[in-house]
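Structure first, then comments.
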Amino acid sequence: MDTRAPGHHRPGGPADACRDQGAPGRVRRTARGRTAGLRGALYRALTAGGAPITRHGGARRAGTYRRRWTALPSAVLLAVAAGAGLPSAAADDGGPATRSRGTAASMPASVPEGLRPFYTQRIDWEICGRGVQCGRLEVPLDYADPAAGTIRLSLARVRAADPAARLGSLVYNPGGPGVSGVDAVKSAPEPPTTPALAARYDLVGFDPRGVGESIPVYCPPDSAAGDTDPADITPDTPAEVDGLVRSARETAAACRAGTGQHLGHVSTLETARDMDVLRAVLGDPRLTYLGVSYGTYLGTLYADLFPDRVGRLVLDAAVDPRLDALESLRGQAAGFQGALDAFLADCASRPECPLGTDPAEAAGRLTELLARLDRAPLPAGGTSLLDRDSAVVIMAQALYAKDSWPALESALGAALAGNGTEFAGLVETSPDAASDRSFEAISCLDLPPAAASAEDVRAALPSFRAASPVFGEWLAWSGLSCTDWPVEAVGAPRTVSAPGTGPILVVGTTRDPATPYHWAEALAGQLESGVLLTREGDGHSAYNVGSACVDRAVDRYLIEGRPPTDGTRCAG
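Every position in the sequence shown, counted from 1, becomes a number in the numbering used here once 64 is added.
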């Protein structure tokens, strides 16, 4: 990456290209335009951090598996003394709004005078759905100049199911960057926590600055890259490279025009400061945080900024903050390749596998299929076509959750037989989200660009291809997304030790495609009080995805304050 979003949309879009090598220009343009019929669905899938993949048999979508609102690339828990300074539980039946306000215990003496009004504001919660309350939090546009203007952040809350046993607020960040925490609380098909946690904590989600209903980044779609002639995300010719560079530059200009001064104030560092205001206004003396994927980066920066205000932090599917953008992208390429290899081995273990019964044979047939799609895209329903790049991105999304594998296997079988409709159908139809570039806006502020030019990408391509023959080129060329961004990065790679905190629980999955397991090992090793919990298994993230061992360990830590033994391993 960019460290936090392995599968998010990049300029030129994963589904924005259809390459038909050697075809006449008229046929080539037609194929590209028809392939772009998949684009709207892929935009939404990618920015949701886990495509809505239909399960084999249609039972459940992978996008809803484990509420996977995280970044392809990706939760915060506020741990407090029981009920300290917080409103009592209210009936969520359309009755009067409840209120939250900071207390003396939640207001650090070190808060500058200019910021104190933000820390002492009141949130009026109103019913906005079944069992859900919504509110707004006002924060400074610029923490260095609090008088320069404000931002109103959108919030959603579900009260603790057992008010008498309530421990505090559980602020949840689902990942991204660019994913709505309000939607994750308000509209997720399943709760993001176990019933044990839901009984003891209020679940609080928020839209980070630049996201959802909190001054969203807006890039007018009529000038955003890829609207009329999609760029090729794995260019082979100088003209295709120029098109991808131009696409990224046009996207950057559109975001500057559409978002204005706010574009320079959507960094994760600023969101971490916003989270401290939220902690205080909720009345919690310390922050307890469960971050997923990109959410672990947000939690890590919070611990770096405010170690004295850290309560119980769970960082699930962890990001290594020491990595620069290029290193992160290369690590993700390897992570996705490892997950693909696991999928192919699983498929080949059954006689009905359409790719063959030997993993090496399966990998070879997949390579042949992708090469055919590169030469001649397949019909994919209506006027749409399935090209190689779209197939690669859809496969990456399907690797996020193991329960998507049967659907991917079936779709590959259909594609081998000459029909791309089932493959394209793995992604739900949804409105075009081309104007939503919060992923780029946040990522480009968080780290300097992965590449300064197309020449830099070309130099890195061999190492990316070695990391992943399937995903490497796509992720390498995505490094151009921040090259011409109109606002300079305010963040940089850093080692975070967070001295003086209590135990911080870092959770990693051994075959996580998006945030490789060694990143979790690295983060746990950096943190002075880091504790590593490992899920041995497949898919992105570990908590509340089916491992009773992981769930018990996380719940006990958050409820009782007792972390597992460092190095504990759980079956997936």
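Glycine included, each C-beta is placed from N, C-alpha and C at the ideal position.
For I623, the enclosing alpha helix (DSSP H) has its first and last residue at 612–624.
Judged by DSSP secondary structure, L437 falls within the alpha helix (DSSP H) whose first and last residues are 423–439.
When C-alpha distances from L205 are compared across P526, I215, E277, the shortest belongs to I215.
Counting only the Cα atoms, V222 lies some 14 angstroms from I187. Residue pairing of G269 in beta bridges, as defined by DSSP: A220, Y236. For T162, the closest C-alpha among the options L179, D438, C192 is that of C192. Apart from the 5 residues on each side of it in sequence, A426 sits with its Cβ closer than 7 angstroms to the Cβ of L408, C411, A412, C417, L419, G420 in its chain, given in chain order. Straight-line measurement puts the Cα of P385 at about 28 angstroms from the Cα of L308.
Taking a contact as a CB-CB distance under 8 angstroms, the pair P512 and A398 does not count as one, their CB atoms being some 22 angstroms apart.
In the structure shown, D226 adopts coil according to DSSP, grouped into three states. Taking a contact as a CB-CB distance under 8 angstroms, the pair V305 and A518 counts as one, their CB atoms being some 5 angstroms apart. Secondary structure note for D453: it is in no beta strand (DSSP E), and the uninterrupted alpha helix (DSSP H) holding it is 452–462. Only residues of its own chain outside the window of five on either side were considered, and among them L393, R394, A397, G536, E537, L539, A540 have a CB closer than 8 angstroms to the CB of F528, listed in chain order. Taking the Cα positions, T559 is about 45 angstroms away from G477. Within the model, the alpha-carbon separation for Y265 versus L234 is close to 5 angstroms. Between D451 and P441, the gap from beta carbon to beta carbon is short of 7 angstroms. By the C-beta density criterion, G242 is buried, having at least 16 other C-beta atoms within 10 angstroms. Annotated three-state conformation of T352 is strand, per DSSP. In this structure G274 touches I506 by the C-beta definition: roughly 6 angstroms separates them, less than 8 angstroms. In the structure shown, G594 adopts extended strand secondary structure according to DSSP, grouped into three states. Closest by C-alpha distance to R522, out of K250, G566, T301, C546, is T301. By the C-beta criterion, the stretch 342–353 is judged not to be in contact with the stretch 312–328, since fewer than 3 inter-stretch pairs fall below 8 angstroms. Counting every other CB atom within 10 Å of its CB across the protein chains shown gives E254 a total below 16, marking it as exposed. Per DSSP, C546 lies in no alpha helix (DSSP H) segment and is marked neither H nor E. Non-local beta-carbon contacts of D619 in its own chain, meaning distances under 8 angstroms to residues more than five positions away in sequence, involve T258, A260, L261 in chain order. Distance between G603 and P172, taken at the CA atoms: about 40 angstroms. Per DSSP, I568 is one residue of the beta strand (DSSP E) stretching across 568–575. A straight-line Cα-Cα distance of about 11 angstroms links T431 and V456. DSSP places T632 outside any alpha helix (DSSP H); the residue lies instead in the beta strand (DSSP E), whose first and last residues are 632–635.
Within the model, the alpha-carbon separation for S474 versus S468 is close to 10 angstroms. Selection G482, S605, G589 evaluated against R436 yields G482 as nearest (Cα-Cα).
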